[in-house]
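Undergrad: This structure is in structure tokens; I'll ask about it shortly.
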Amino acid sequence: QVQLQESGPGLVKPSETLSLTCAVSGYSISSGHYWAWIRQPPGKGLEWIGTISHSGSTYYNPSLKSRVTMSVDTSKNQFSLNLSSVTAADTAVYYCARRGIGAWGYFDYWGQGTLVTVSS
Amino acid sequence: DIVMTQSPDSLAVSLGERATINCKSSQSLLYSSINKNYLAWYQQKLGQPPKLLIYWASTRESGVPDRFSGSGSGTDFTLTISSLQAEDVALYYCQQYYSTSDTFGQGTKLEIK
Numbered sequence: 001q002v003q004l005q006e007s008g009p010g011l012v013k014p015s016e017t018l019s020l021t022c023a024v025s026g027y028s029i030s031s032g033h034y035w036a037w038i039r040q041p042p043g044k045g046l047e048w049i050g051t052i053s054h055s056g057s058t059y060y061n062p063s064l065k066s067r068v069t070m071s072v073d074t075s076k077n078q079f080s081l082n083l084s085s086v087t088a089a090d091t092a093v094y095y096c097a098r099r100g101i102g103a104w105g106y107f108d109y110w111g112q113g114t115l116v117t118v119s120s
Numbered sequence: 121d122i123v124m125t126q127s128p129d130s131l132a133v134s135l136g137e138r139a140t141i142n143c144k145s146s147q148s149l150l151y152s153s154i155n156k157n158y159l160a161w162y163q164q165k166l167g168q169p170p171k172l173l174i175y176w177a178s179t180r181e182s183g184v185p186d187r188f189s190g191s192g193s194g195t196d197f198t199l200t201i202s203s204l205q206a207e208d209v210a211l212y213y214c215q216q217y218y219s220t221s222d223t224f225g226q227g228t229k230l231e232i233k
């Protein structure tokens, strides 16, 4: 069974960089599929942040592209998100997920999510 | 970006009755060469991550009860729950993955009447 688990600080100061990691178990990232970050502000809808392949190819939401960096570590079977220059608008539950097919597809496995609050 | 609009925003249905949620996209999600609609449906219960229910507009994910079905093509899609159960109370989202920047609908809240 594929499982994903997000980890990282729950509180980030404005203008700093949000950093999260998603550990994958039950499936080797090197085997394929694409991996993504999605966020959900409290009480609001879902926003795709970006996608990464096992080889490190990345695809970012144009609205966040200037602030987002994703990376993958196949030796640790995990991938990461950095979001720079955060503001209160970046407060959200951040989910990592697996694409079911290709670089642009539905999300078939999700992590439980981690709440990140941006506040001084 | 492709804009996804769901209707209604909230819905109350009696147990055992049919629930219908609509999703409209600002452009066609049909990739005609393979005759597939790039549309998925998710269920999100309180405090949980979204769960994939339907993909390719009408293919049920493994393990999803057959009371859930998806239909539609092009720009108009529907999620139907044929006989509402108490455990179906949740938020439901549609997602388009046709474009390189996928987007979600705003969500529909389903409650028991």
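These protein sequences, in sequence, are chains A and B. Per our numbering, the very first residue in the first sequence carries number 1; after that it's consecutive. Per our numbering, the very first residue in the second sequence carries number 121; after that it's consecutive. Glycine is no exception: its CB is placed at the ideal position from the N, C-alpha and C atoms.
1. P169/B touches chain A at which residues, Cβ-Cβ below 7 Å?
2. Applying the criterion that 16 or more other CB atoms from any shown protein chain within 10 Å of the CB defines a buried residue, is S31/A buried or exposed?
3. Identify the contact partners of F79/A in chain B, using a Cβ-Cβ distance below 8 Å as the criterion.
4. Could you tell me which residues DSSP puts in a beta bridge with D208/B?
5. From Q216/B to T223/B, what does the alpha carbon distance come to, in whole angstroms?
6. Between which two residues does the beta strand (DSSP E) harbouring V93/A extend?
7. Taking the C-alpha atoms as reference points, what is the distance between V116/A and Y162/B?
8. Leaving out the 5 sequence neighbours to the left and right, which residues in its chain are closer than 6 Å to D196/B when beta-carbon positions are compared?
9. Quick check: A177/B and Y106/A, are their CB atoms within less than 7 Å of each other?
TA: To lay it out plainly:
1. Taking the first residue of the second sequence as position 1, residue 169/B is located at position 49. Here the neighbours are Y95, W110, G111, Q112 and G113.
2. The sequence position of residue 31/A within the first sequence is 31, counting from 1. The residue in question, S31/A, is exposed, as its Cβ has fewer than 16 Cβ neighbours within 10 Å.
3. Numbered from 1 along the first sequence, position 79 holds the residue referred to as residue 79/A. Within 8 Å Cβ-Cβ: nothing; F79/A doesn't reach chain B, min ~17 Å.
4. Looking up residue 208/B in the second sequence gives position 88. According to DSSP, which records beta bridges pairwise, D208/B is partnered with nothing at all.
5. Sequence index remark: in the second sequence, residue 216/B carries index 96 (1-based). Sequence index remark: in the second sequence, residue 223/B carries index 103 (1-based). Using only the alpha carbons, I get a separation of about 6 Å.
6. The sequence position of residue 93/A within the first sequence is 93, counting from 1. Residues A92 to R99.
7. Taking the first sequence and counting its residues from 1, one reaches residue 116/A at position 116. Taking the second sequence and counting its residues from 1, one reaches residue 162/B at position 42. If you take the alpha carbons of V116/A and Y162/B, they lie about 23 Å apart.
8. Along the second sequence, read from residue 1 onward, the residue named residue 196/B stands at position 76. K144.
9. Locating residue 177/B in the second sequence gives position 57, counting from the first residue. Locating residue 106/A in the first sequence gives position 106, counting from the first residue. No, Cβ-Cβ distance for A177/B and Y106/A is not below 7 Å.
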